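So the structure is just underneath, and the comments pick up after that.
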Amino acid sequence: MVDEAGEIPIVMVDRFRMHQVLGNLVGNAVKFTPPGGQVRISAVAVDGNVELRVADAGMGIAPEELPKIFDRFFRSSSSQKMALPGTGLGLAIAKAMVEGHGGRLSVMSRREQGSTFTIAFPAGDAGAVRGPQPAPHNGAKPVEVAG
Ligand SMILES: Nc1ncnc2c1ncn2[C@@H]1O[C@H](COP(=O)(O)OP(=O)(O)OP(=O)(O)O)[C@@H](O)[C@H]1O
Ligand SMILES: [Mg+2]
4 MVDEAGEIPI
14 VMVDRFRMHQ
24 VLGNLVGNAV
34 KFTPPGGQVR
44 ISAVAVDGNV
54 ELRVADAGMG
64 IAPEELPKIF
74 DRFFRSSSSQ
84 KMALPGTGLG
94 LAIAKAMVEG
104 HGGRLSVMSR
114 REQGSTFTIA
124 FPAGDAGAVR
134 GPQPAPHNGA
144 KPVEVAG
């Protein structure tokens, strides 16, 4: 399910990299939610930021494991127990990519109730790619994402 609330300011991002980030977040939401569960993707403007949220109603993450969720190779004990596939690299890469674009990636989660991952970018000029950037992928051009 995809929601868009009101006018969403433009944010400049690298299309390939954001595709990879969203692909991992949505892939995780589907992977860690039982069949028939809901995954909701939304875009909202909040306090000068544009937030992209991927929310699921899946197994959630235990509070003691939440601080490790963006560590390389981390996989929660329940996902290992259930033998769900994965290398534990997707979120570490996603975080580095979002931060490389001047944004923040955060998570809120409750065990057995689901998780919401939020990418926040500063809107407008402040949201333009800045600071040291990874080399563009195969000549990929930044793309404007508008509401
Ligand atoms: N939406 C979610 N709900 C519950 N647990 C999650 C969710 N997203 C991530 N996790 C937990 O965080 C771990 C790390 O996620 P990450 O995307 O980095 O790795 P992965 O999906 O296991 O493997 P990869 O993305 O490298 O294929 C997961 O193994 C899982 O334990
Ligand atoms: Mg993943």
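Read in order, the letters of the sequence shown correspond to residues 4 to 150 in my numbering.
Ideal Cβ placement from N, Cα and C applies to all residues, glycine included.
Quick caveat, the model's predicted, so the values are computed rather than measured.
Would you report the Cα separation of residue 102 and residue 108, rounded to the nearest angstrom? 7 Å
Does the region 66-79 come close enough to the region 40-47 to have 3 or more Cβ pairs within less than 8 Å? no
For residue 150, which residues of its own chain have a beta-carbon under 7 Å away from its beta-carbon, when the five flanking residues on both sides are left out? Confidence in residue 150 is poor, its pLDDT being 45 and thus under 50, which makes the residue's placement unreliable; the coordinate value appears in the next sentence. Taken in chain order, the residues that qualify are 7, 10, 11 and 46.
Between residue 80 and the rest of its own chain, which residues show a CB-CB distance below 8 Å, the 5 nearest in sequence each way excluded? 65 and 68
Shorter than 8 Å, the distance from the beta carbon of residue 94 to the closest heavy atom of ligand 2, or not? yes
When DSSP labels each residue in this structure, what does residue 129 get in the three-state scheme? In this prediction, residue 129 has a pLDDT of 43, which is less than 50 and means its spatial position is unreliable; nothing more can be read from the coordinates.
Euclidean distance between Cα positions of residue 32 and residue 104: 23 Å
Taking the alpha helix (DSSP H) that residue 102 belongs to, which residues open and close that run? 93-103
Quick check: the Cα distance between residue 124 and residue 106, rounded to an integer number of angstroms? 4 Å
Using the rule of at least 16 other Cβ atoms within 10 Å of the residue's Cβ for burial, across every protein chain shown, is residue 113 buried or exposed? exposed
In chain order, what residues of the same chain have a beta carbon less than 6 Å from the beta carbon of residue 90, not counting five sequence neighbours either side? none
Residue range of the unbroken alpha helix (DSSP H) whose run includes residue 20: 18-34
Does DSSP put residue 81 in a helix, a strand or coil? helix
Measuring from the CB of residue 36, is there a heavy atom of ligand 1 at a distance below 8 Å? yes
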